[in-house]
Amino acid sequence: MVKGFKFNKFHILICLILILNSIVVYADGNDVNDLQQELNENKDKMEEINKDIKNNKKKANKVEKTIEQFDQKIESIDSQLRDYEAKINNLLDNIEITKAKLTQAKESINEKNDTLNSRLRVMYINGPIGYAEVLLGAEDLGDFLTRLDMVKSLVDHDVELLKYMNDKREKIEENKKELENKKIILASTKEKIEEKKNNLEVVTRQKEREMTRLKQNTKELERQYDKLYKEANALEDRIKRMESAGKYKGGRMAWPVPAYRKVTSPYGYRIHPVFKTKKFHTGVDLRAYYGTSIVAANGGVVKIAGWLGGYGKVVLIDHGGGISTLYAHNSRLLVKEGQRVTRGQAISKAGSTGYSTASHLHFEVRDKGKYENPLPWITKQ
């Protein structure tokens, strides 16, 4: 302790205020970064959910088309079933008609059989009398021959008629069997078509259930997306309010070139490497070979991402409270204007664009537009 110096209550109070102020500054800075990190995670979730929603809608469209195709097939099958039903009904009508004809033919045959049997019984009862009696009753030879022809014709007619009736009955029975066989085939075909229809209806119901599930899932995802969207807006509002505060609250910044820690040209007056004249160096040059990743020194909003005169390809980030950082001479930019970035997020690749003789990072810190020595603002940790 220095002699003569008294550490009184006033000094203790001042120290406490400085310590608390430092804690608040860093805490607020961490709050902004934490909020920005939360916002980025929120947006990542929103992007994933949006992809899931799109995939669900694609699947739903595909399922809907499949259901439409199945519905068309079912309609076609219904039409076939109606045709087969009509054919079967027509066959049933023909079978009934054929049955009626068969019954009629059998009745006619039975009648003819009864007539023939009656004649045979008469001949049996009367013995040789009957046809013989008719023949012997002839008056002369001519009459006899005439009567013989008549008897022969009568017998032949009865025999032919019976034969005709039996043939007709057999044909009707064959026709009936053929119709019944057709009916069996049609019924079997109809049964197969009905089975196909039932299978299609089962698959259609499965697809409809899948469609319902996809729609419900999509609805839930959209609800989650809306919730995250509102949360993101609230987070952005909080970040904007904190960044727009009159005092910078981001604390010390990260080293913008994580791969290297060497300063190749300091802040202040120097001989310009391109123009060879004494000029004020508004930032520091940090070692960064071509393609090296450059990261945001702190969270904030990208105000410039593009070509800026001698700076070449540049990124300018607003950290709130009037503090901004600039990253120049990049070969490639990884961010866009208006984009929010977090501390340590890759924003560009090192290069030598603009007024530059070799690949490096020109890094600036500005306080309300005024150039500041960047080194006190950043930490190598």
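Numbering (my numbering), first residue to last: 36 to 416.
Backbone N, C-alpha and C define an ideal beta-carbon position, used for all residues, glycine too.
With a beta-carbon spacing of about 5 Å, N77 and L263 fall inside the 8 Å limit used to define contacts. For the pair E407 and A363, the Cα-to-Cα distance works out to about 16 Å.
L126 sits away from I228, with the two beta carbons spaced by 8 Å or more.
When the five nearest sequence neighbours on each side are left out, the beta carbons in the same chain lying within less than 7 Å of the beta carbon of K415 are those of W290, R296, in order along the chain.
Assignment of Y362 by DSSP, reduced to helix, strand and coil, places it in the strand class. Contact between A323 and T360 is absent: CB atoms are separated by about 15 Å, not below the 8 Å threshold. For H307, there is no enclosing beta strand (DSSP E), as DSSP marks it with neither H nor E.
Contact between L214 and N129 is confirmed by a C-beta separation of about 6 Å, below the 8 Å threshold. Remark: fewer than three beta-carbon pairs, one from each stretch, lie closer than 8 Å, so the segment 297–312 and the segment 248–255 are not flagged as touching.
In the DSSP assignment, E407 falls within the unbroken beta strand (DSSP E) covering 405–407.
Nearest to K348 by alpha-carbon distance, out of L396, T377, R276, is L396.
Annotation: L321 to E372 spans about 24 Å, alpha carbon to alpha carbon. A direct Cα-to-Cα measurement between I84 and L221 gives close to 54 Å.
With a beta-carbon spacing of about 15 Å, A340 and V330 fall beyond the 8 Å limit used to define contacts.
By the criterion of a C-beta distance shorter than 7 Å, K217 is surrounded in its chain by L126, once the five residues flanking it on both sides are discounted. Shortest Cα-Cα distance from D261 to any of Q139, K80, E73 involves K80.
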